[in-house]
Amino acid sequence: MTNPDGKLAKILVGYYGFIQTLHLIAIGRATVLLGQTGALSFPAPPPPGGWDEHARYFFVGVGAIDALNVLVALVFVYGFFTRAPWRGWVGTLTLTVSLYSAILFAFATTPTGAWTYRPVEYLVIVLAYLPVAVLVVLFAAWLVTGRIDPDR
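Here's what the structure looks like:
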């Protein structure tokens, strides 16, 4: 297990802030395109025939929660690098939301055939998320072992 003040931790937390910023840009772009065309594409590439109306509502709701979570994520990144006493609970919040969102995304998109129809795009999404998954596991370990105090 790595040190929460070590180089790997800093790289993972920095990457988390970077990927969340890109996520916010992607959500913004998708929102604009949805408003202009009525179609929902990236960051959720559709299956053949596109997303049905219920899926669009689902993705808009998850996108709104994700956009709010980006703001919390960036506060966490700042707090992590400044060793703020509240980094434990803010990190727990944002990483939990990120993990939950990733699971919901996979759960909602897999049975539609979107992953089979667009394997490269979904593989890129999975690969981009893997360092965040590593951070989630490490952060949980840091909390459990008392290396980061979740109560402050």
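Numbering (the numbering used here), first residue to last: 516 to 667. Ideal Cβ placement from N, Cα and C applies to all residues, glycine included.
Inter-residue spacing [alpha-carbon to alpha-carbon] between residue i and residue j
| i | j | result |
| --- | --- | --- |
| A656 | R633 | 35 angstroms |
| V612 | D520 | 23 angstroms |
| T627 | F574 | 14 angstroms |
| I540 | A643 | 15 angstroms |
| V456 | D664 | Shown here, the chain extends from 516 to 667; a query on residue 456 therefore has no answer. |
Candidates the options: closest to residue i by CA position
| i | options | result |
| --- | --- | --- |
| R571 | A588, L548, I526 | L548 |
| Y593 | N518, G529, R662 | G529 |
| I640 | I526, A524, L523, Q535 | Q535 |
| G578 | K522, G565, A559 | A559 |
Exposure label - residue i; buried when at least 16 CB within 10 Å
| i | result |
| --- | --- |
| H538 | buried |
| Q551 | exposed |
| L645 | exposed |
Alpha helix (DSSP H) segment containing residue i, residue limits
| i | result |
| --- | --- |
| I640 | 634-659 |
| R571 | 568-596 |
| A669 | There is simply no residue 669 to check, as the chain begins at 516 and stops at 667 in what is shown. |
| F557 | No alpha helix (DSSP H) contains F557, which DSSP labels as neither H nor E. |
Same chain, Cβ closer than 7 angstroms to residue i, neighbours up to 5 away in sequence not counted
| i | result |
| --- | --- |
| Y531 | A588, V592, V647, L650 |
| L608 | V587 |
| F595 | V528, R602, G606 |
| P561 | L555, A629 |
Cutoff 8 angstroms; reference residue i; Cβ partners in own chain excluding five residues on either side
| i | result |
| --- | --- |
| L619 | V577 |
| N584 | Q535, T609, V612, S613, S616 |
Sequence-distant residues of the same chain with beta carbon closer than 6 angstroms to residue i, five excluded per side
| i | result |
| --- | --- |
| W566 | L555 |
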